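Under UniProt numbering, the residues of the sequence shown are numbered 1 to 309, in order.
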Amino acid sequence: QKDRIMSTQHCYLWCFWSHPSLFCLSQKQLTQDDDADEVEIAVDNTAFMDEFFSEIEETRLNIDKISEHVEEAKKLYSIILSAPIPEPKTKDDLEQLTTEIKKRANNVRNKLKSMERHIEEDEVRSSADLRIRKSQHSVLSRKFVEVMTKYNEAQVDFRERSKGRIQRQLEITGKKTTDEELEEMLESGNPAIFTSGIIDSQISKQALSEIEGRHKDIVRLESSIKELHDMFMDIAMLVENQGEMLDNIELNVMHTVDHVEKAREETKRAVKYQGQARKVRLCPWSTCHFYFIDKTVGHQRLSNRLQAT
């Protein structure tokens with residue numbers, strides 16, 4: 001019975017010594033269940049980050065498109081201001097651009113707010129992925145605010161210059177107004193406050209036509225400014241609250257680099273230790289294998305001697 005046990009052990013050890021891949025396979029099978037959860041988490045996390053970066057890219061493209069529209073709107077503002085009576089097509093083009101900017105801006109705002117909610121939900125976890133998401137969200141939010149600030153500045157500039165044109169046309173007709181009086185007219189939405197007494201002449205009619213046209217431009221513009229105001233304030237407050245996080249982006253990147261370097265060194269050490277451990281594991285099996293072979297040969301020699309005697 002002892003010989004059978006020894007023979008079984010010998011065969012078992014011989015298999016692993018002769019075929020180390022069998023040991024690797026068995027070890028892989030033993031650790032497979034332990035690693036399954038981690039692999040599943042890693043795959044899920046990778047898919048989540050892929051979706052996140054897809055949203056980031058879509059939002060970035062929308063912001064870039066808004067920036068292009070803002071530049072086009074500024075050109076149209078200049079064209080409208082330079083013409084006594086702008087062409088209807090120019091105003092229609094500006095109206096379409098304004099509508100497109102509002103549409104894309106609302107889309108970007110909703111995306112950024114959605115990202116913010118998801119980040120807040122995961123705030124309890126401290127991970128490199130979370131820092132990446134915060135940084136990307138902060139950069140996009142600030143870029144969006146910068147673009148919308150330029151748009152707001154262009155609108156305000158257009159309003160002031162349009163108001164200046166109205167004031168000059170009123171002066172041509174003999175009506176002198178202060179800035180306060182002009183603002184009162186604009187707020188009332190009724191240019192007749194100052195145009196009702198204009199002398200009926202060809203020059204006055206042309207001036208009156210321009211005054212009414214400029215006034216309508218300003219009314220439409222102010223409506224657009226009011227519609228964008230709440231959205232603009234939402235994102236502006238968001239960026240203001242993220243100020244500290246924006247300042248720490250560079251520090252987070254440096255920490256990430258340090259983390260990668262540390263992981264690289266640990267990987268090198270792990271590979272080295274794994275190689276040493278493999279040698280240590282193989283040596284006992286080889287010794288046992290040859291020990292059992294020598295012992296078997298010894299028994300055979302002893303049996304031969306007994307038979308000879």
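Each residue gets a CB set at the ideal place from its N, CA and C atoms; glycine is no exception. Model, not experiment: these values are computed from the prediction.
Checklist entry - If you draw a straight line from the C-alpha of residue 167 to the C-alpha of residue 229, how long is it? => result Cα-Cα distance, rounded: 27 Å.
Next on the checklist: Counting beta carbon pairs with one atom in the stretch 151 to 171 and one in the stretch 218 to 234, are three or more of them shorter than 8 Å?
Outcome noted: Cβ pair count under 8 Å is three or more, so yes.
Item to check | Residues of its chain near residue 182, where Cβ-Cβ distance is below 7 Å and the 5 sequence neighbours each way are ignored | outcome: The beta carbon of residue 182 sits closer than 7 Å to the beta carbons of 163, 166, 167 from its chain, once the five residues preceding and following it are set aside; these are given in chain order.
Checklist entry - Is residue 87 helix, strand or coil by DSSP? => result Residue state, collapsed to three classes: coil.
Checklist entry - Just the Cα atoms here: how many angstroms apart are residue 153 and residue 50? => result C-alpha of residue 153 to C-alpha of residue 50: approximately 36 Å in a straight line.
Item to check | Endpoints, alpha helix (DSSP H) assigned at residue 129 | outcome: Taken as a continuous stretch (DSSP letters only), the alpha helix (DSSP H) holding residue 129 covers 128 to 172.
Next on the checklist: I need the straight-line Cα distance from residue 172 to residue 189, nearest angstrom please.
Outcome noted: Rounded to whole angstroms, residue 172 to residue 189 spans 21 Å at the Cα level.
Checklist entry - Mind checking residue 213: buried by the 16 CB within 10 Å criterion, or exposed? => result Buried, because 16 or more other Cβ atoms sit within 10 Å of the Cβ of residue 213.
Checklist entry - Is it true that the CB of residue 70 sits closer than 8 Å to the CB of residue 141? => result The beta carbons of residue 141 and residue 70 sit no closer together than 8 Å.
Item to check | Three-state secondary structure assigned by DSSP to residue 178 | outcome: The three-state reading of DSSP puts residue 178 in coil, since its state is none of H, G, I, E or B.
Checklist entry - Candidates 62, 217, 91: which alpha carbon is nearest residue 76's? => result When the alpha-carbon of residue 76 is set against those of 62, 217, 91, the nearest one is in 91.
Checklist entry - What is the DSSP secondary structure of residue 213, counted as helix, strand or coil? => result Of the three classes helix, strand and coil, the one that applies to residue 213 here is helix, per DSSP.
Next on the checklist: Less than 6 Å between C-beta atoms, sequence neighbours within five positions excluded: which residues of the same chain meet that for residue 73?
Outcome noted: Cβ within range, chain order: 97.
Checklist entry - Since residue 231 contacts residue 105 with CB under 8 Å, what's their CB separation in whole angstroms? => result The Cβ separation is near 6 Å, so the contact holds.
Item to check | Those runs of the beta strand (DSSP E) which lie wholly inside the stretch 54 to 107 and span at least 3 residues | outcome: With a minimum length of 3 residues, there is no unbroken run of beta strand (DSSP E) contained wholly in the stretch 54 to 107.
Checklist entry - Expressed to the nearest angstrom, what Euclidean distance is found between the alpha-carbon atoms of residue 146 and residue 94? => result Approximately 21 Å, taken between the alpha carbons.
Checklist entry - Should residue 131 be counted as a contact of the ligand GTP given a C-beta to heavy atom distance under 7 Å? => result With respect to small molecules bound, the structure shown includes none, and the ligand GTP cannot be examined in it.
Checklist entry - Who are the near neighbours of residue 176 in its chain, counting only those whose CB is closer than 8 Å to its CB and skipping five residues on each side? => result Closer than 8 Å at the Cβ level, and outside the excluded window around residue 176, lie 170.
Next on the checklist: Please report the distance separating the alpha-carbon of residue 235 from that of residue 85.
Outcome noted: The alpha-carbon atoms of residue 235 and residue 85 are separated by roughly 37 Å.
Item to check | Straight-line gap, residue 68 to residue 81 (C-alpha atoms, nearest Å) | outcome: Taking the straight line from one Cα to the other gives about 20 Å.
Next on the checklist: Once DSSP output is grouped into helix, strand and coil, what is the label at residue 230?
Outcome noted: Helix.
Next on the checklist: Rounding to the nearest angstrom, what Cα-Cα distance links residue 60 and residue 210 in this structure?
Outcome noted: Computed Cα separation, rounded: 40 Å.
Next on the checklist: Tell me the DSSP secondary structure of residue 122 in three-state form.
Outcome noted: Three-state result, residue 122: coil.
Checklist entry - Which one of 118, 138, 227 has the shortest CA to CA distance from residue 237? => result If you compare the alpha carbons of 118, 138, 227 with that of residue 237, the shortest gap goes to 138.
Checklist entry - If you check the beta carbons only, do residue 133 and residue 119 fall under 8 Å apart? => result Yes, they are a contact pair.
Checklist entry - Among 55, 54, 64, 52, which has the Cα closest to the Cα of residue 148? => result Closest in C-alpha terms to residue 148, from the list 55, 54, 64, 52, comes 64.
Item to check | Local Cβ density within 10 Å of residue 58, reported as buried at 16 or more and exposed below that | outcome: Looking at its Cβ environment, which holds fewer than 16 other Cβ atoms inside 10 Å, residue 58 is exposed.
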